[in-house]
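Participant:
Residue numbers (the working numbering): 1 to 570.
Here it is in structure tokens:
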């Protein structure tokens with residue numbers, strides 16, 4: 001057999017000399033500062049990870065990919081790799097023009113010759129690529145609420161690779177991996193894709209997969225962007241390094257992949273397989289619900305558990321990489337070993353043990369024991385460093401409700417109670433304080449109010465990250481903004497949304513600051529509840545009503561909720 005999987009593949013970089021020249025010439029070009037996700041995409045375009053793509057896809061390729069997973073020339077490619085920009089930026093571009101693509105520090109990485117510019121039908125893209133136009137899906141939410149409205153397409157000229165200061169020795173381009181495999185004399189390589197820390201079951205499963213196809217093993221974790229709420233990649237890589245010692249060094253290697261995942265289930269699995277083929281692999285392990293984002297807005301899984309396997313199996317001949325199905329491994333107590341769940345003949349007479357991801361997170365959060373049969377002490381130690389028990393972590397309590405509902409009063413009472421308990425610094429981010437110190441230049445238009453809430457969320461997430469308690473009490477009328485703040489905070493600790501559900505009539509009756517009167521007279525535009533909507537939180541952690549309940553009682557309800565969530569020791 002020919003070892004085409006080990007021959008060099010084309011990259012989009014120009015020579016060092018040309019790059020130096022281009023850097024100078026690029027000073028005159030219009031620049032686009034790439035988002036973190038676009039930087040991940042550009043890196044894999046330039047280093048051949050997205051081969052055969054020669055740049056951000058054109059409109060004809062986009063239509064083909066969205067409709068039937070094929071580029072205009074018929075090549076299989078399941079994921080639209082698009083350069084999304086603002087309308088304003090797109091207006092200033094002529095077709096055929098070169099633009100400079102820069103990282104967030106302004107360093108030039110590549111130039112793009114813009115051959116196409118179009119406004120995509122995002123609802124169709126969501127439906128076709130992710131299976132549903134449902135914003136519970138992180139990539140659909142990204143598509144509608146983060147990505148720019150206009151796409152630019154065209155070939156990319158690579159000048160230099162994005163800089164990574166972390167784990168540099170563990171990062172390999174497709175050609176570096178191919179060269180390594182050539183050097184080691186490896187012919188068959190099975191890739192294992194992961195975005196979670198590895199435990200004993202994963203180790204067993206990868207051992208078996210490699211043995212079954214008589215291949216060497218590449219552990220190939222994603223360190224670009226994964227799903228909001230995933231373990232950060234620094235912690236994960238430290239966990240992988242702890243596990244690597246458990247593998248035979250002569251048959252296993254690990255490399256980090258700077259991929260921005262879309263969590264697109266079956267299409268994502270096929271995309272992962274193509275990327276691994278570009279990195280020199282011959283086999284690819286596909287798990288149950290591979291790269292699934294969890295539940296949709298109706299509470300059902302977005303994709304069936306075996307859809308991804310079916311999709312990769314159907315195309316494996318064409319893409320030149322074989323699928324190895326993931327065996328669901330469970331621990332059989334009597335035999336003290338892991339076995340594939342569907343191969344246990346005497347299942348009625350043995351004790352089968354298993355810990356789900358959710359259960360693992362609960363045990364970490366509450367500081368409970370994690371048994372040795374489940375994971376390696378070295379991995380658990382890394383996870384515990386990152387996730388101390390909840391009562392030692394920072395958190396954010398976010399009050400939302402109409403003006404005059406009693407948010408600030410309850411927040412103040414809660415602050416005093418928490419300070420009395422001691423143990424963690426408490427910061428109150430009340431509307432008026434924030435307006436004075438953080439947002440003095442902002443008005444009260446929808447954009448400015450949104451920006452104000454995002455600033456509060458940013459500060460709260462930093463406080464939470466550093467182990468403190470943030471109490472926020474803005475009106476925060478819009479659900480999408482509250483969700484964004486929740487995602488910011490939940491990277492670092494718990495987010496407790498408290499809806500102060502005092503009715504509009506009661507708030508207007510109180511009219512503490514005389515604002516409702518002014519709003520009724522039309523002197524305040526866009527006033528929440530009068531001339532601007534309030535999205536009632538659907539499932540906040542807690543609802544309190546200040547009608548008929550005194551402030552002390554409301555604050556106490558919050559304390560009980562925090563105890564119940566394990567955030568303060570009872």
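A virtual CB, placed ideally from N, CA and C, is assigned to each residue, including glycine.
Determine the direct distance from the alpha carbon of residue 104 to that of residue 520, and round the result to whole angstroms.
Facilitator: Residue numbering aside, residue 520 sits at position 520 when the chain shown is read from its first letter. Residue numbering aside, residue 104 sits at position 104 when the chain shown is read from its first letter. Roughly 45 Å separates the two Cα atoms.
Participant: Between the alpha carbons of residue 390 and residue 568, how many angstroms are there, rounded?
Facilitator: By 1-based counting over the chain shown, the position of residue 390 is 390. By 1-based counting over the chain shown, the position of residue 568 is 568. When rounded, the distance between both Cα atoms is 8 Å.
Participant: Between the beta-carbon of residue 47 and the beta-carbon of residue 12, is there less than 9 Å?
Facilitator: In the chain shown, counting from the first residue as 1, residue 47 sits at position 47. In the chain shown, counting from the first residue as 1, residue 12 sits at position 12. Yes; because the gap between Cβ atoms is below 9 Å, this pair is in contact.
Participant: What residue does the beta strand (DSSP E) around residue 192 start on, and which one ends it?
Facilitator: Mapped onto the chain shown, residue 192 falls at position 192. Per DSSP, residue 192 belongs to the beta strand (DSSP E) from 189-194.
Participant: If contacts are defined as beta-carbon pairs under 8 Å, then residue 319 and residue 394 qualify, I think. What distance do you get, rounded to the angstrom?
Facilitator: Here residue 319 refers to the residue found at position 319 when the chain shown is read from its first residue. Here residue 394 refers to the residue found at position 394 when the chain shown is read from its first residue. Incorrect: roughly 45 Å between the Cβ atoms, too far for contact.
Participant: Rounded to whole angstroms, how far is the Cβ of residue 528 from the Cβ of residue 489, which I believe are closer than 8 Å?
Facilitator: As a working mapping, residue 528 is identified with position 528 in the chain shown. As a working mapping, residue 489 is identified with position 489 in the chain shown. The pair is not a contact, with the Cβ atoms about 22 Å apart (cut-off 8 Å).
Participant: If you draw a straight line from the alpha carbon of residue 509 to that of residue 472, how long is it in whole angstroms?
Facilitator: Against the chain shown, residue 509 aligns to sequence position 509. Against the chain shown, residue 472 aligns to sequence position 472. In a straight line, the C-alpha of residue 509 is about 24 Å away from that of residue 472.
Participant: Report all residues from its chain with a CB closer than 7 Å to the CB of residue 418; omit the five preceding and five following residues, and keep chain order.
Facilitator: On the chain shown, residue 418 is found 418 positions in, with the first residue counted as 1. Excluding sequence neighbours, residue 418 sits near 426, 469.
Participant: With DSSP collapsed to three states, give me the class of residue 2.
Facilitator: Your numbering for residue 2 matches position 2 in the chain shown. Confidence at residue 2 is low in this model, with a pLDDT of 48, below 50, so the placement of that residue should be treated as unreliable; the coordinate-derived value is given next. Looking at residue 2 - three-state DSSP - the assignment turns out to be coil, as it is neither helix nor strand.
Participant: May I ask which residues mark the beginning and end of the alpha helix (DSSP H) holding residue 472?
Facilitator: What you label residue 472 is simply residue 472 of the chain shown in a count that begins at 1. From DSSP, residue 472 is part of no alpha helix (DSSP H) but of the beta strand (DSSP E) over 469-473.
Participant: According to the Cβ coordinates, are residue 92 and residue 173 closer than 9 Å?
Facilitator: Taking the first residue of the chain shown as position 1, residue 92 is located at position 92. Taking the first residue of the chain shown as position 1, residue 173 is located at position 173. Taking C-beta atoms as the reference points, residue 92 and residue 173 fail to come closer than 9 Å.
Participant: For residue 311, which residues from the same chain have a beta carbon less than 8 Å from its beta carbon, with the 5 sequence-adjacent residues on both sides left out?
Facilitator: Taking the first residue of the chain shown as 1, we reach residue 311 at position 311. Excluding sequence neighbours, residue 311 sits near 266, 267, 269, 270.
Participant: So, are the CB atoms of residue 275 and residue 257 less than 9 Å apart?
Facilitator: Here residue 275 corresponds to residue number 275 of the chain shown, with the count starting at 1. Here residue 257 corresponds to residue number 257 of the chain shown, with the count starting at 1. In this structure, residue 257 lies closer than 9 Å to residue 275 by Cβ.
Participant: Less than 9 Å between the beta carbons of residue 325 and residue 309, yes or no?
Facilitator: In the chain shown, the residue the question calls residue 325 occupies position 325. In the chain shown, the residue the question calls residue 309 occupies position 309. The answer is yes: Cβ separation under 9 Å.
Participant: May I have the straight-line CA-CA distance separating residue 112 from residue 28, to the nearest angstrom?
Facilitator: To locate residue 112, count along the chain shown from 1; it is residue 112. To locate residue 28, count along the chain shown from 1; it is residue 28. Rounded to the nearest angstrom, the two C-alpha atoms are 14 Å apart.
Participant: Report all residues from its chain with a CB closer than 6 Å to the CB of residue 378; omit the five preceding and five following residues, and keep chain order.
Facilitator: Reading the chain shown from its first residue, position 378 is the one you call residue 378. The residues are 242.
Participant: Should residue 277 be labelled buried (16 or more other beta-carbon atoms within 10 Å of its own) or exposed?
Facilitator: Taking the first residue of the chain shown as 1, we reach residue 277 at position 277. Residue 277 comes out buried.
Participant: Can you list, in chain order, the residues of its chain with a C-beta nearer than 7 Å to that of residue 502? Leave out the 5 residues immediately preceding and following it.
Facilitator: Counting from 1 along the chain shown, the entry for residue 502 is found at position 502. Excluding sequence neighbours, residue 502 sits near 401, 402, 405, 406, 545, 546, 547.
Participant: Identify every run of the alpha helix (DSSP H) within the region 384-439, keeping only runs that are complete inside it and at least 4 residues long; order them along the chain.
Facilitator: As summarised for the region 384-439, the continuous alpha helix (DSSP H) elements at least 4 residues long and confined to that stretch are 407-421, 431-437, given in chain order.
Participant: Quick one: Cα of residue 89 to Cα of residue 81, how far?
Facilitator: Looking up residue 89 in the chain shown gives position 89. Looking up residue 81 in the chain shown gives position 81. If you take the alpha carbons of residue 89 and residue 81, they lie about 19 Å apart.
Participant: So the candidates are 128, 313, 175, 120; which of them puts its Cα closest to the Cα of residue 84?
Facilitator: By one-based count along the chain shown, residue 84 stands at place 84. Here the closest residue by C-alpha is 120.
Participant: Between which two residues does the alpha helix (DSSP H) harbouring residue 319 extend?
Facilitator: Here residue 319 corresponds to residue number 319 of the chain shown, with the count starting at 1. From DSSP, the alpha helix (DSSP H) with residue 319 extends over 307-319.
Participant: Bridge partners for residue 221 per DSSP, in chain order?
Facilitator: The residue given as residue 221 occupies position 221 in the chain shown. Looking at the DSSP assignment, residue 221 forms a beta bridge with 194.
Participant: For residue 77, which residues from the same chain have a beta carbon less than 6 Å from its beta carbon, with the 5 sequence-adjacent residues on both sides left out?
Facilitator: Reading the chain shown from its first residue, position 77 is the one you call residue 77. Closer than 6 Å at Cβ, skipping near neighbours: 65, 71.
Participant: In the DSSP output, which residue or residues are listed as bridge partners for residue 117?
Facilitator: In the chain shown, counting from the first residue as 1, residue 117 sits at position 117. In DSSP, residue 117 forms a bridge with 152.
Participant: So what does DSSP say about residue 30, is it helix, strand or coil?
Facilitator: Counting from 1 along the chain shown, the entry for residue 30 is found at position 30. Residue 30 falls in the strand class under three-state DSSP.
Participant: For residue 164, count neighbouring Cβ atoms within 10 angstroms of its own Cβ and tell me buried if that reaches 16, exposed if not.
Facilitator: Here the question's residue 164 lines up with position 164 in the chain shown. That one is exposed.
Participant: Whose C-alpha, out of 354, 58, 56, is nearest the C-alpha of residue 331?
Facilitator: As a working mapping, residue 331 is identified with position 331 in the chain shown. Residue 331 has its Cα closest to that of 354, out of 354, 58, 56.
Participant: Can you tell me whether residue 278 is helix, strand or coil according to DSSP?
Facilitator: Locating residue 278 in the chain shown gives position 278, where the first residue counts as 1. In the structure shown, residue 278 sits in a helix (DSSP, three-state: H, G or I).
Participant: Going by C-alpha to C-alpha distance, which of 554, 148, 123, 282 sits closest to residue 572?
Facilitator: Since the first residue shown for the chain is 1 and the last is 570, residue 572 is missing from the structure and cannot be characterised.
Participant: Which of the three DSSP states is assigned to residue 107 in this structure?
Facilitator: The residue you call residue 107 lines up with position 107 of the chain shown. Note: residue 107 maps to coil in three-state DSSP.
Participant: Between residue 96 and residue 114, which are expected to be in contact by the criterion C-beta below 8 Å, what is the C-beta distance as a whole number of angstroms?
Facilitator: To locate residue 96, count along the chain shown from 1; it is residue 96. To locate residue 114, count along the chain shown from 1; it is residue 114. With 8 Å as the limit, residue 96 and residue 114 qualify as a contact, their Cβ atoms being about 7 Å apart.
Participant: Ends of the beta strand (DSSP E) at residue 597?
Facilitator: Here the chain has residues from 1 to 570 only, and residue 597 is not among them.
Participant: On a CA-only basis, which of 327, 476, 335, 333 is nearest residue 342? Give me that one, please.
Facilitator: Numbered from 1 along the chain shown, position 342 holds the residue referred to as residue 342. Here the closest residue by C-alpha is 327.
Participant: Please name the residue in 32, 184, 244, 160 whose C-alpha comes closest to that of residue 21.
Facilitator: Working through the chain shown from its first residue, we reach residue 21 at position 21. Of 32, 184, 244, 160, the residue nearest in Cα terms is 160.
Participant: Relative to the C-alpha of residue 157, which candidate in 235, 19, 457, 38 has its C-alpha closest?
Facilitator: Within the chain shown, residue 157 is the residue found at index 157, counting from 1. Closest in alpha carbon position to residue 157, among 235, 19, 457, 38, is 19.
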